[in-house]
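Enquirer:
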Amino acid sequence: MNRLLRFFTLQLTFFTFLLSLFTYPSSALAQTWTTIENGKTWMDTEGRPVYANGGNFLLKDGVWYLVGEDRSSAWMPDVNLYCSTDFVHWKFVHKIIENRRSHPDLGRRRMIERPKLLFCPETQKFVVWCHWEARNYGASEAAVFECDSVGGDYEYVWSGRPLGTKSRDCNVFVDNDGTAFFISTTDENTNLGLFMLTSDYRQAVSKTVLCEGLRREAPAIVHIDSTYYMISSACTGWEPNQAKLCVSRNLHVGWSRLFNIGDPIAYDSQASSVLTIHGTEQTTYLYVGDRWMDPTLPESKIIILPIEWRNFHTGELSKTKDENHRQMVLNYRDRFEIDFKTGVWRDF
Ligand code: DGJ
């Protein structure tokens, strides 16, 4: 009798296990965790350090592209492009903009900082906007380069002061309707200039002054639901400082005052972008920053932190933004895991 009972119990356990395979959420079974570690030098697939600071990430046709300053030649950075399908293994693709080759002044009278890669749906071309500067930061110009393929030799389009405005630290922002903007620190680091671009992303057509007189740089904008969020830093060279956040319902007017976000030195980083990871289960936002001079300029690191959301009334934190959790919070983590397919992240 005992034996018979054990037999049926075993059968039942096996049946329950089989059933659980079918009823368990498929995403949980298929979860692919990617570990992101901060503070370490990223190595490329050839075992060489990844040099790509002050740049941005672009997701195109399932491939991540990382563009940024190659500070191995500290004061004359070329622009490197890497690609990855898993955000962990980064293959060096090409120096898409190179001293001398891309422009006769580059590497002599001009250097590039903060190259930002865009894909223009109208022209089907890849476009780079960047800070185009003299060694003493007196030129205060921007430059635009363009290429038919993501990993080719980018051709110089133009350089100068956008709409006649002195322009330094910069970023790009593409709104949900595809309108692209160049945003930079203008007027001797006094204001931010939000420049709307032509539909071919080659020129600036209009300017809105933001953060007037507040002396901000490294502006990173993200549009979430009906709100624009902008993280920026003060202008303290390569030294980190308190990151601040402002929000608005309208990109051009009505920006709030600046609120502190993160610790007093932005966890030793300076914002370069906020990535939106639209997953099958949730949307996650990732803060991307540069940890400059760690300890030297070429050894600067890329820092990535998941953004959390606080319930203003209870203080409770959430990994996702909803009606009750709307206050953006930046906490430091040496490492965390994210599933880029589902958008779910967790502590390691
Ligand atoms: C901080 C900026 O964000 C960098 O891009 C660079 O311009 C340095 N300042 C130069 O001091």
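Counting in the numbering used here, the sequence shown runs from 552 upward without gaps. From the three backbone atoms N, C-alpha and C, an ideal C-beta is built for every residue, glycine too. Given the structure is predicted, the values throughout are model-derived calculations rather than measurements.
Pull the bridge partners of T736 from the DSSP assignment, please.
Expert: L743
Enquirer: The ligand DGJ: which residues have Cβ under 6 Å from any of its heavy atoms, chain order?
Expert: G605, E664, R665, D720, E768, A769, G788, W789 and Q821
Enquirer: Determine the extent of the beta strand (DSSP E) in which A817 is found, giving its start and end residues.
Expert: A817 -> no beta strand (DSSP E), and no H or E assigned at all.
Enquirer: What separation, rounded to the nearest whole angstrom, lies between the Cα atoms of A822 and D885?
Expert: 17 Å
Enquirer: Once the 5 residues before and after V756 are set aside, which same chain residues still bring their CB inside 6 Å of it?
Expert: M747 and T749
Enquirer: If I measure Cβ to Cβ from I889 and keep anything under 6 Å in the same chain, skipping five residues before and after, which residues do I get?
Expert: T585 and W896
Enquirer: For A685 and E867, I'd like the C-alpha separation in whole angstroms.
Expert: Going by the C-alpha atoms only, they are around 47 Å apart.
Enquirer: Would you identify the three-state DSSP class for L714, choosing helix, strand or coil?
Expert: helix
Enquirer: Going by DSSP, which residues form a beta bridge with F887?
Expert: Per DSSP, I587 and D898.
Enquirer: Have a look at P791 and Y818 and give me their C-alpha separation to the nearest angstrom.
Expert: 8 Å
Enquirer: Please confirm whether Y633 and V678 have their CB atoms less than 8 Å apart.
Expert: no
Enquirer: Within its chain, find whatever has a CB closer than 6 Å to the CB of V880; leave out the 5 residues flanking it on each side and keep chain order.
Expert: E859 and R861
Enquirer: From which residue to which residue does the beta strand (DSSP E) around D841 run?
Expert: T834 to R842
Enquirer: Compute every distance between the C-beta of F863 and the non-hydrogen atoms of the ligand COA, then say whether any falls below 7 Å.
Expert: The ligand content of the structure shown is limited to the ligand DGJ, which means the ligand COA is not among them.
Enquirer: Do the segment 690-697 and the segment 619-627 make contact, defined as three or more Cβ pairs closer than 8 Å?
Expert: no
Enquirer: Quick check: the segment 797-812 against the segment 776-784, are there 3 or more CB pairs under 8 Å?
Expert: yes
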